[in-house]
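Here the structure comes first, spelled out in structure tokens, and everything after it is commentary.
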Amino acid sequence: MQSTVTQTLIKLLTRKNLSRLLGLYIAWILLKYRRTALGTTHRKDLPGPRGWPLLGNLVSIITVPLTQIGEYNMSMHEKYGKVYSFTVPFKGRMIHINDVEILDHVLRTNFWAYEKGPMLQQTLADLLGRGIFSADGAHWKWQRKMASNIFNVRAFRDYTSNVFTHEAKIVIEYFNKMADEGKVVDMQEIFYKFTLDSFGEVSFGQSFGCLLHPEREVEFAAAFDRLNTIVFDRVIRADWKIREAVLGLQKQVQHDKAIITDFAYNVIRERRQQGYHKQHRDLLQLCMDYTDDQGQPLSDEMLKDMVLNFIIAGRDTTAQALTWMFWSMHARATKDAAEIQAKMRHEIDSVLQNEDPTYETTKKMKYAEACMYEALRLYPSVPRNIKECVQDDVWPDGTKVEKGTFVLWSPWIMGRTTAIWGQDATEYRPERWVESASKPSPAQFPAFHVGPRICLGQQFATIEGITLASMLFAHFEFELVDPERKPGYVPGLTMPMDGGLPVRIKRRQK
Ligand code: HEM
Numbered sequence: 080m081q082s083t084v085t086q087t088l089i090k091l092l093t094r095k096n097l098s099r100l101l102g103l104y105i106a107w108i109l110l111k112y113r114r115t116a117l118g119t120t121h122r123k124d125l126p127g128p129r130g131w132p133l134l135g136n137l138v139s140i141i142t143v144p145l146t147q148i149g150e151y152n153m154s155m156h157e158k159y160g161k162v163y164s165f166t167v168p169f170k171g172r173m174i175h176i177n178d179v180e181i182l183d184h185v186l187r188t189n190f191w192a193y194e195k196g197p198m199l200q201q202t203l204a205d206l207l208g209r210g211i212f213s214a215d216g217a218h219w220k221w222q223r224k225m226a227s228n229i230f231n232v233r234a235f236r237d238y239t240s241n242v243f244t245h246e247a248k249i250v251i252e253y254f255n256k257m258a259d260e261g262k263v264v265d266m267q268e269i270f271y272k273f274t275l276d277s278f279g280e281v282s283f284g285q286s287f288g289c290l291l292h293p294e295r296e297v298e299f300a301a302a303f304d305r306l307n308t309i310v311f312d313r314v315i316r317a318d319w320k321i322r323e324a325v326l327g328l329q330k331q332v333q334h335d336k337a338i339i340t341d342f343a344y345n346v347i348r349e350r351r352q353q354g355y356h357k358q359h360r361d362l363l364q365l366c367m368d369y370t371d372d373q374g375q376p377l378s379d380e381m382l383k384d385m386v387l388n389f390i391i392a393g394r395d396t397t398a399q400a401l402t403w404m405f406w407s408m409h410a411r412a413t414k415d416a417a418e419i420q421a422k423m424r425h426e427i428d429s430v431l432q433n434e435d436p437t438y439e440t441t442k443k444m445k446y447a448e449a450c451m452y453e454a455l456r457l458y459p460s461v462p463r464n465i466k467e468c469v470q471d472d473v474w475p476d477g478t479k480v481e482k483g484t485f486v487l488w489s490p491w492i493m494g495r496t497t498a499i500w501g502q503d504a505t506e507y508r509p510e511r512w513v514e515s516a517s518k519p520s521p522a523q524f525p526a527f528h529v530g531p532r533i534c535l536g537q538q539f540a541t542i543e544g545i546t547l548a549s550m551l552f553a554h555f556e557f558e559l560v561d562p563e564r565k566p567g568y569v570p571g572l573t574m575p576m577d578g579g580l581p582v583r584i585k586r587r588q589k
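All residue numbers for the sequence shown refer to this note's numbering, where the first residue is 80 and numbers rise by one.
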């Protein structure tokens, strides 16, 4: 027998009452999430653009062209200050920061409270696998410890610097030919080939030979560049799965992934076949000789991930820094371009005295370093970055950050912020690096990151950049094909110059 209470409930469960209940529930959800994304809470204490009901700020994110993402985020900081936040369905709350003290807190002082986290690991998996860039905790620590062995002064002095000089000579030979034939050269393409060949030689014992065919497309590089853009989209957009399905991008992803994976497996296979006979172990040999706590060697898949992560680190970043540096030093937009070039050549002539650069002489070329770092300040190769908070935290300005919040910062924006760099922040002026009594802290100049995960290859990149730039300035003069052009960037995890850097080359008249 049914109780009277149950009978009354059954009577009340009419279709009309059910729709009323549903209506009330929807109204409650809409009220609760009237300005934030589903699953997030409204935070009165955090400034930021008002969101749509349930969608939060998804619409603004989708509608901003990715080529304008830096400018958009900068305008948000101008409007809301050094900390602003927005919410996105299925991703949660994102807090953007543009402040030296807070960035230092997040990346250094309270390092263990912020990780790359599962969202980034999943979205980047097709490109980075389980390599150092997306790893956290113990898995990150052993990779960093092992790799740091190749970045020592002895290796730079005895070997690495000589590889840079050797590869730069191949570039010079090609530029001589181009100068004599009066042909236009895309410098960015040559820089990519130079950094890939140099990195291959130093880390895997073989140049990839890209500079031997400067006009030929490198299949690995083209596949990598396409994947880079697709993967970046995944980090930024919450709707990437739908987008990729609609645009049929999955096929492209699998195709490009197969190319870069095969490339890495080939490097490993060749080393196994040929063996290793040198005294000084390169990066690949360190990885292949490594055993874990149980004495087990790395799996081929892990070796492949390590190889790929390092190729990515070693190729793009430095080539892009050189591209923006050469553009900045020659563009009409740079007030004192001619004077900057003259100072650079004066330093090169007096330090090198017609000799090839060495580890020691690259260390003496402080103006060349200033030209490179000034380009990295305005056009950082990793223009934006993200970490996930894994323990509730409070920032130096009192902002409360809950576990699960994403924290974003942009070296591109910080490099253009007058509060950090003064009124002429947007001007390319290498002198600021030589005039200043002290170097900026990593948090003031975060192009190479900050804290325990600071770039392992900063010295490598600096020596490589100065070696090539000094040899090129010593031998040639450059003229931009369009000196008025203000190039944009290709959206991605790094910052390639859109359209490359077409130049005409002349042999230098001394
Ligand atoms: C101008 C050139 C370069 C710039 C601007 C640069 C910048 C950076 C940045 C911003 C990070 C942090 C990335 C992140 O964790 O999200 C990083 C990490 C790293 N970089 Fe570089 N990099 C450059 C060149 C290089 C080179 C040439 C190498 C290798 C030879 C290298 C090796 C690494 C490695 C291994 C890490 C990972 C460190 C870790 O997670 O512990 N970098 N770099």
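All C-beta atoms, glycine included, are put in the ideal place defined by N, C-alpha and C.
On a predicted model such as this, the values are computed, not experimentally measured, just so you know.
| field | Helix, strand or coil at Lys585 according to DSSP, with G and I counted as helix | value | strand
| query | Which stretch, first to last residue, makes up the alpha helix (DSSP H) that contains Asn136? | reply | Here Asn136 belongs to no alpha helix (DSSP H), and DSSP marks it neither H nor E.
| said: Considering only DSSP beta bridges, list what Val480 is partnered with. | reply: Asp472
| said: Tell me the DSSP secondary structure of Glu112 in three-state form. | reply: One point to set straight first is that residue 112 is Tyr, not Glu, in the sequence displayed. Three-state result, Tyr112: coil.
| field | Member of Leu387, Tyr369 and Gly327 whose CA lies at the smallest distance from the CA of Tyr344 | value | Leu387
| Cβ pair Pro459, Ala526 closer than 9 Å | The answer is yes: Cβ separation under 9 Å.
| field | Under 9 Å between C-beta atoms of Arg508 and Pro490 | value | no
| query | What whole-angstrom Cβ distance do Val569 and Asp577 have, given they're in contact under 8 Å? | reply | 5 Å
| Helix, strand or coil for Pro515 per DSSP? | This sequence places Ser at residue 515; Pro is not what is there. Residue state, collapsed to three classes: coil.
| request: Check each candidate in Tyr438, Asp183 and Gly149 and name the one with the smallest Cα separation from Thr239. | output: Tyr438
| Going by the C-beta, is Lys479 closer than 8 Å to any heavy atom of the ligand HEM? | No, the beta carbon of Lys479 sits no closer than 8 Å to any heavy atom of the ligand HEM.
| field | Option in Arg350, Phe539 and Asp471 with minimal Cα separation from Gly393 | value | The option with the nearest alpha carbon to Gly393 is Phe539.
| request: Just the C-alpha distance for Thr573 and Arg305, rounded to the nearest angstrom, thanks. | output: 12 Å
| task | My understanding is that Ser164 touches Leu125, with C-beta atoms under 8 Å, so please give their C-beta distance in whole angstroms. | result | 4 Å
| request: Specify, as a first and last residue, the run of the alpha helix (DSSP H) that Gly279 falls within. | output: Met266 to Phe283
| Near Tyr151, what residues of its chain come up, given a Cβ to Cβ distance below 6 Å and the 5 sequence neighbours on each side ignored? | If the five residues before and after Tyr151 are omitted, its C-beta is found closer than 6 Å to the C-beta atoms of Val143, all from its own chain and listed in chain order.
| request: Spell out a yes or no on whether the region 359-366 and the region 303-320 are touching, meaning 3 or more CB-CB pairs, one atom from each, closer than 8 Å. | output: no
| request: Output the boundary residues of the beta strand (DSSP E) element that contains Tyr163. | output: Val162 to Val167
| field | Beta-carbon proximity check, Leu551 vs Phe254, cutoff 9 Å | value | yes
| request: Kindly indicate which three-state DSSP category Glu506 falls into: helix, strand or coil? | output: coil
| Endpoints, beta strand (DSSP E) assigned at Gly196 | Not the beta strand (DSSP E): Gly196 falls in the alpha helix (DSSP H), residues Gly196 to Leu207.
| said: Looking at the strands, I want to know which residues DSSP matches up with Trp488. | reply: Ile176 and Asn464
| Would you call the CB atoms of Ala447 and Met423 closer than 9 Å? | Taking 9 Å as the cut-off, the beta carbon of Ala447 is found closer than this to the beta carbon of Met423.
| message | If you measure between the beta carbons of Gly210 and Gln222, is that distance less than 9 Å? | response | yes
| Across which residues does DSSP place Phe555 in a beta bridge pair? | Per DSSP, the beta bridge partners of Phe555 are Arg586.
| field | Range of the contiguous alpha helix (DSSP H) that encloses Lys123 | value | Counting along the chain, Lys123 falls outside any alpha helix (DSSP H), and DSSP gives it neither H nor E.
| field | Where Val560 falls: helix, strand or coil (DSSP) | value | Val560 carries a coil assignment under DSSP once its states are collapsed to helix, strand and coil.
| query | Per DSSP, what kind of secondary structure is Pro575 in: helix, strand or coil? | reply | coil
| query | What residue ranges within the region 314-367 form continuous alpha helix (DSSP H) runs of no fewer than 4 residues, ordered along the chain? | reply | 319-326 and 328-353
| task | For Cys468, verify whether its CB is less than 8 Å away from any heavy atom of the ligand HEM. | result | Checking the Cβ of Cys468 against the ligand HEM gives no.
| query | If we call anything under 9 Å between Cβ atoms a contact, is Cys289 one with Lys262? | reply | no
| What is the residue span of the alpha helix (DSSP H) that Arg424 lies within? | Ala416 to Leu431
| Three-state class that DSSP yields for Thr370 in the structure shown | The answer is strand: DSSP assigns Thr370 an E or B state.
| said: For Thr87, report the span of its alpha helix (DSSP H) as first-last. | reply: Thr83 to Leu91
| query | Within the present structure, is the beta-carbon of Arg532 separated from the nearest heavy atom of the ligand HEM by less than 8 Å? | reply | yes
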